[in-house]
Structure formats: structure tokens, C-alpha cells
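Each remark here refers to the structure printed beneath this line.
Residue numbers (the numbering used here): 60 to 1176.
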């Protein structure tokens, strides 16, 4: 399209001077229009005469621009995209990129944005930013906008104040705040209030947030691309101001509801006024009944006298009933005291019996200890004597065998000598001597081997004994570890079960038992629902004291509380279903349930640094707290974390007042003169960190399992060593016996050789003498051996007897120890039971004392009331001798007497001023009638308002239907300029609007959504839709931004003709159209004014995210 060249207002040589030249040109054009257009019909109010900007967006100074009264084209090139690209490259964040896209340096955009902001619009409505401070030029502290509105003719706004024009000046600070100045045509400030600006805009019907008045390109694009038909409907409603009418209707209906509420309040006020009016009327009429009132007063006094007597009698009866109930309760307390004393005696007797048993066992054990030691020493001595006797016997036996063998050899030698006549030769003697020497050396070698083997046997025996001792020790350790492992595994299982149900920590049957208790309570089997287990009803303030509190409360954590013994029997029956016979059951505490915790301040222990068990626990249930106080005295037990500090507090000095004992964080129990260590290392019931406990227990189970495995491996190694050493010992013992036999054999052989003599030198008689002597020795050795054997048998029997006695007394001592262990546990339980029963007795003594004090107090109160009754009856007889039956209470009669006295006094006071009473009555009546009239009027108004609103709503629907039809007609008419067809479907019920356009011939093309059109077709359709809205909506000016940006030459020409045609038909309105086109093809007309914007300065085109000097910008260009 060929463009007509037009001269710019600015000169390319000077960047700042052209603004002044533009201003001069605009002034000239404006003067010409005013002179030549006097015969035309022009708008008189609300149109924009001029705009002037300072430090706004990227412009230091822009304008002033003078607009024509009809059509104004603001043309000019868009901002420099090279500068935008450079700003884009320099941006370091998403927010900077968004700012670059929003604030492209363009004069047209600045004019339109300034128009919206300057007339009070929000920054968001401009689609150029979210805050006003973003419109201040970078490096400046503020921005200024000046807009001049025409204010002429009969519809001018405060013409006498403002004159023919209104100047609106807005000042925007760098912090986002803004202020207004509204000036008259002469330049004087009329107002600085925003309310004045709103009044001006309402008077001129200017709506900057209405798309009919100002439609930006972004708003139009958003409207056309919206998939939501409800948004299009809202766009139509807002453009035609139907939305405002709908909101007004809603506001009126809310006002109607508020008026109804006022009517309701007025009716309530009417009731009060009516009551006051009746009282005034009664007062007015009471003047005549003064004597009647006095008579009634005397009658009321008589009734009052006997009513007081009746009430005192009722109080006396109530006190007597209370005393009777108190005496019954005192008897019950006496019985409970007796029962408690019996239980205390039983507990003390049980404790004494167990203690006597323990003392008897201890005495018996101590008595048997010396005997056991003596028997043990006797066994050792008997064993030693027996071993020595056995050695002597064996030695004699060997000697006897040797002598017997010598005797046999002598006898054999004598026989040989007697038979032999020949003498042995010398070589045989030498051979015998040589053999004897060899045999002696061999015996010596065997003896050395015997000593070595004997030493080995001793070593193996010691090693076996040592290994067996170690084996027994490790076996016992293995059993202990297995027991600990079994306990830890059970505890681990209970902890894991308690993760899903905390109550399972107190026993696997506890949840089921509690459900059975709930069911029994719902069925009415319990007087009061039992409470328990007590450990589940308490909470720790300090988790580090869990083990200390468990060590203190012990079995009470699993106990249950019952109100009476009947409830206890029911609970026992329930427990039998869940606990097998022979297994331990949770204890049951029977104590009357109270709603308040005992006041233990006078008997509780106190220490400034350490809490008691009572103060260390959070107990919501008073029954639980009272039970623990009764059974364990938790108010007298201190909790001291450090063991040494606990010893110092309880033992190194006098214990704190009322403090019986203390527990440490390790569970140790500390008395004034005793200290007991705890067997437990961790809490079982009160630990909060279950996961940590489970983790620790799992680690312990793993450690114990590994420890057992190591012990078993060690045992296996020891057993192998013992077996191996025993085998070696047997071998050594066998070798030892073989060596003994070889030694004896060689010695015998040596003796035989030595006994052999040559026949010539041997004297048979000598040999016979030697044989005889040998036999004598044999006889003596045999006799000695028999004596030794008898002695050995005797010692053996003594040894066995001593061993039996020692084993018997040792067995008895072990039996006594086994009997003492459970008795010690029973003694501890009995001791706790005695303490509990003593506390129970003290509790009942205190309750009895408290109850007797209350009972005596009520008896004294009864005596006082009886005396008071005698006095009141005497007074009543003086007032009225005969007793009267009175139904009303004394308080009611007293009120009636006071009210009647007040009336009589009032009558006496006003008896001489009837006019004053009459005036008050008339005023009350007039106030009532006036308010009644107002309420009636408001009711009529509400009824009339309902009828009017119904009529107006119908009118609103009719008006909406008319606007809808007009909009459709104008839209179809405008589309037909290009042979387009369109369809607009309004659904007022669902508040939706669908628009479809059919480009081309109607028979060949199909209707399609506007989003399916090309850019030019969609822009043309947008213009048609906007023009149709312009035709049905009222506004002094219309602004349209870049309406032809996507149109081709044909569509742009047709759209331009449509706009100019409408502008010509509506000369009383102002049209401001922004376009990047040159508009050189426009026809010459006095109604058309073209404002050409100069190209933006280079220094202003790049946003200031990174400082860029003019020289750098030129280099980059």
C-alpha cells in the first residue's frame, strides 16, 4: 500500500526540540478546527482535550497532545526491537524479561497507559505493569500526568467552579503512591480528593476500565482468544453497564433485607414501649386504688412472716436429712476404717510371717555354714588320708609280689643246684654280667621316660581340669545370656505390638479386656466404669524420668481402679476370661471415685530443685491421681536424676520435709540409710520414643545372639580341647603302665641273673636260709598289707560318709537359698502392701475427720436454725396470731412487698401532681404510636419496594434483551460490509456468549469460531464487534489500540471506513485510535486529526537493567 509522506513533528537533528514544535503544530491544528468547525455538532463535555506526560515510562517529556473533538489517529512506529533484544540479553531474571516485554518504549503505549492511569485506573488494567512505581522513568523519583477534559454546555460539571475545562494532574512517586490535583480552566486548584475525581467521571459517564471506553490490544487479544464463553458474556455485560445494573439490583435487595431487620428490631422495641406505656397507665390508674394497695400490703406482710417460718422449717428438714445422711456415711466410714485396719493387720502379719521365715532361713543358713566348712575340710582330709593309705597299700602289694617272685626264683635255684652236678663255665658268668649291665642301663632309660610321661600326665590333667572349669563357667554365662535374650525378645515383641496399640505395652490382653469393660459398662454391670491400666492414664513431663517413675510405681502401672467391691468382683470375672489360671493378673484397687484430687499440700515433700512423682506427672483423671497417692504416696517421693546428688540429698544431710524416699534416673531407690540399685536398665511402659526403644532392643538382641554364638563356638573349642587332652592323657597313662611293666620285668630279670651263681661256689644251705628269710619277710609284708587294706577300706568308708554329709548340708543350704529368693520378693510386695494399707488408713482417717467436722458443723447449724425458728415463729405470732398457709416463697413475697411499697410511695409522692403522671403517660403513648406508625410505614415501603424491584427486574430483562438484539443487528450489519455473516448466541441463564463468524459467501462457508480465522479476518471481526458495542453503549470518548495490526489492505480499508462512518454519525463523541500505520491514505476532513509520534530516542529504548551509555548503544547499533 502506497503511503503518503507526511512531515514529522520532530527533527532528526535534535531529539528534544521537536516536542515543542509538535506542541506548536497541535495548537495550530486545534485553532483551525475550532474556527472552522463551529457549524458542526461537537461534544461539549467529557472528551479529552489534551494529555501531557513527564518522566512517565521511558519518556522524559511527552506532549502536550491536543486532541480533536471527533476522530483522532495517534500514529507512529513501535519501539526499537534492537533495544528490546539488547535488554533481553542483559536481563538476568524472569521478572526482568517480563518487564522488558511489558515496557517496550513506545509513545502510543505511553499515551494510552497515561490515559487509563491518569483517570484513576489501576496499573493492572493497563496490561503494562502490576504497580504504579513501574511507570516512573528509571533514574527519576516521580512521574506526572496531566489530562484536560472539556466541560461546556448545560451538562457541565460545576461550571461555575471549573469553567470550560477541567485539568486533572496526577503525581506518581517512586514508592507507588499517587496524589491528585483537580484544577479549573484558570489553573486554580479546586480539589485534591479522589472522591471529586470519581464524581467527575460518574458525571461524564467515563469508565476507563470499561472496554467500550478504552480497549487495549492485549485486552482485545485476550477476549478473542478466550475459550471461556462466560468471560465473553462478562465482557458484554461490563461494556453495556448491565453488570453495574445487576450489582445495583443486588445492593438494593441487600438493603431491603437490612430494612426488614430494622423492622424486626422496631417491633421488639414496640413491645418494650408498650410495656412502659402500660406501666404508666397503671400508675395513672393506681391513684384511685391507694387504700386497696395498703390493705394488700398488710396481707402480704402477714404471709411474709409465716413464709419465712416455712422456709426455715424446710431448711431445718434439709439439714436434718443431711445430718442423717452424714451419720450413715460416718457409720460406713467406721466400717471402712475397721475393714482397713483388718487389712492393715493382715498385711503386717503377712509381712511379719515372711520376715520370720526369712530370718529363720537366714539363721539356719548361718548356723549350717560353719558345719558346711568343717565338713568340707573333713572331706578334704579324708580324701588325703585315703589316697595316702592307697599309696602305702599299693607299695606293700608291689613289695609282696617282688618277694614272692624272689622266693620262687630261690626255690627254683636250690632245685637246680641240687640236681646239677656240673659247674658253669667262666664265659657264661661274663655273659651274665654283661647282660646285667645292659639291663640296668635299659631300666635307667625306662625310668627317665617314666618321669617324663608322669609330668605329661600331670600337665594333661591340669589342662583338662582347667578346661572343664572354663567350660562350666561359659555354660553358665551362656544360660544367663539366653535368658536375657528371651526376655529381650519378648519385650521387643511387646514394643512392636504397642506401635499399633499403645495399650499392648501393658499386656497383650489389655485391649480386649478394655473392650469387655466398655461392653459391660454399657450393659450396666458397673456402678462406675473401672479406670486402668493406670500407666496408660498418666503422662510424663520429663521423659528422662521414665525409668525412675516405673521403679517407683512398679505393678501399679498395670493396676485398675474400681469404685466399690461389687465392681471389683465384676472386673475379676472379666479378667478370668483373658488370664489363664496360675498366671499373674493386674492388681485391682478399690477406692471411692472422687472428681477432685486430694489436697496434699500439707503432707507433700518439697525441694526447690527436684520434683515429686506427683508433680512430674500429668494426670487428667482425679481417680488415677488419688489412687496413686493412696497406694504409693507419690506426693512424698522425690525424683533426682543424678545418683551422687540423690545420696547427698537423702543421706549426707537431713532429707527434705515429708520425703520418705527418692528415685534416680537409673531407677535406683534411695532411703535415708539405705540404697538399692535397680535391676532394670530401660523403662517398659512409659517410654515415649518407641522406635528408639525398638532399635535399641534389636541391637541388644543382635548383640546377645552374636554373644551366644561366640560362647557356643568357645564351648565347642573347649570340648574339642578336653576330648583331645583326654585322648592324649589315656595314651600317656597307657604308656606309663607299659613303662612300669618293662621296668619291673627288667629288674626281675636282673635279679634272676644276679641270683644265678656258679654251682661250685654256691652253698645250698645258704640259699635255703635266704629262702626261709624271704618267706618270713613275705609273711610280714602280707600281714602288713592286710592291715593297710583294712585301713584303706576304713578310710574309704569314712571318706564316702564325709562326702555324703557335705553334699547333704550343701543341698540343704542351696534349698534354703532357693526358698529365700521368692520370700524376698514376697517381703518387698508385703512391705509395699503394708505401706499402701497404712496410707489407706490415713486416707480414711482424714476423710473421717473431715466428715465428722462437717457433721458437727451441720449439727451446730441445726441448733442455730432451731433457735432462729423459735424467734421467727414468735415474731410471726406477733404480726399475725393465727398461722396462714402460704404458697409463695419469701423472696417472691418480698419482691411484691417492695414493689407495692414503691407504688404506694410513688402514689404518695405524686398524689398532688396528677398532671405530671398524665404527661408521662401521654409521652409514653405518643412514643409508642410514633414508632408503631414508622414500623407500619416501613412495612408498606418494603412491600412497595418489592413490587418496584420486581417491575424493575422485568424492565432490566427487557432492556438486556433489547441491547442483545441491537448488538446482534449491528454486528450482522457491520459484517455484511464484507459479505461476512456472523452469529451471536446469548445464554443469560448460564451467563455465556458464543460468537461465530462466516467469512465468504453464506451458502458455501460454514460458521466457525473466531479463533479459527486468519489474523486480518479476526481483527476485522473484532472491529465489528467493538463497533456494535459502541453503538449500544454510552461514553464521551472511545479508545482503540492498534485495531488494524493484523489486517490486510482490504480489511483495513473496510474497517477504517466503518469507523469513520460511525464517527461521522456520532460527532458528539470522541474517537482516539492508535495504530503503527501512517494513515496517509485517509481522506482530508476537518473531523479527523492525525497525531504523529516521533521515533523514540535511543537512550530511552533499552530498559535499565544494566547501565548502557549512549556511546555503547551507538556502537552496538
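Glycine included, each C-beta is placed from N, C-alpha and C at the ideal position.
Inter-segment contact for the stretch 731-748 and the stretch 503-522 is absent: fewer than three beta-carbon pairs are separated by less than 8 Å. For residue 230, the uninterrupted beta strand (DSSP E) run begins and ends at 224-232, by DSSP.
Cβ neighbours of residue 131 within its own chain (closer than 6 Å, five residues either side excluded): 1131 and 1148. For residue 116, the secondary structure class from DSSP, reduced to helix, strand or coil, is coil.
If you check the CB distance, residue 596 and residue 683 come in under 8 Å. Assigned with DSSP and collapsed to three states, residue 237 falls in strand. Residue 649 sits away from residue 688, with the two beta carbons spaced by 8 Å or more.
Out of 721, 614 and 652, the CA that lies nearest to the CA of residue 666 is found in 721.
The C-beta distance from residue 1051 to residue 302 rounds to 15 Å, too long to fall under 8 Å, and the pair is not in contact. Our two residues, residue 523 and residue 447, have alpha carbons roughly 24 Å apart in a direct line.
Counted as a single uninterrupted DSSP element, the alpha helix (DSSP H) harbouring residue 172 occupies residues 166-177. The three-state reading of DSSP puts residue 429 in helix, counting H, G and I together. For residue 720, the enclosing beta strand (DSSP E) starts and ends at 720-722. Setting aside the 5 residues that flank it on each side, residue 437 is surrounded in the same chain by 861, each with a C-beta closer than 7 Å to its C-beta; the list follows chain order. Between the stretch 213-220 and the stretch 178-197 there are fewer than three C-beta pairs closer than 8 Å, too few to call the two in contact. Under the rule that a run must span 3 or more residues, the beta strand (DSSP E) segments found entirely inside the stretch 704-778 read 720-722. By the neighbour-count criterion, in which a residue is buried when 16 or more other Cβ atoms sit within 10 angstroms of its Cβ, residue 441 is buried.
For the pair residue 677 and residue 598, the CB atoms are nearer than the 8 Å cut-off. Residue 533 sits in a helix when the DSSP states are folded into three classes.
Ranking 945, 826 and 1138 by CA distance to the CA of residue 474 puts 826 first. Per DSSP, reduced to three states, the secondary structure at residue 1146 is coil, with no helix or strand assignment.
In this structure, residue 225 sits near residue 259, with a CB-CB distance shorter than 8 Å. Contact between residue 724 and residue 615 is absent: CB atoms are separated by about 20 Å, not below the 8 Å threshold. In chain order, 983 place their CB closer than 7 Å to the CB of residue 335, counting only its own chain and leaving out the 5 sequence neighbours on each side.
The bridge partners DSSP lists for residue 650 come to none. Counting only the Cα atoms, residue 543 lies some 24 Å from residue 527. The bridge partners DSSP lists for residue 206 are 110 and 227. When secondary structure is reduced to three states using DSSP, residue 1139 falls in the coil class, being assigned neither helix nor strand. Beyond the five residues adjoining it in sequence on each side, residue 1039 comes within less than 7 Å, by CB distance, of 1056, 1057 and 1058 in the same chain, given in chain order. Residue burial is scored here from C-beta neighbours: residue 1080 has at least 16 other C-beta atoms within 10 angstroms and is therefore classed as buried. DSSP places residue 611 in the uninterrupted alpha helix (DSSP H) bounded by 605-612. Separation of the CB atoms of residue 184 and residue 268 is rounded to 5 Å, and the pair is thereby assigned contact status at 8 Å. A residue is called buried once 16 or more other Cβ atoms fall within 10 Å of its Cβ, and residue 711, having fewer, is exposed. For residue 918, the CB contacts under 8 Å within the same chain, skipping 5 residues up- and downstream, are 382 in chain order.
Within a 10 Å sphere around the beta-carbon of residue 847 sit 16 or more other beta-carbons, which makes this residue buried. Sixteen is the threshold: since fewer than 16 other Cβ atoms of the shown chains lie within 10 Å of the Cβ of residue 870, the residue is exposed.
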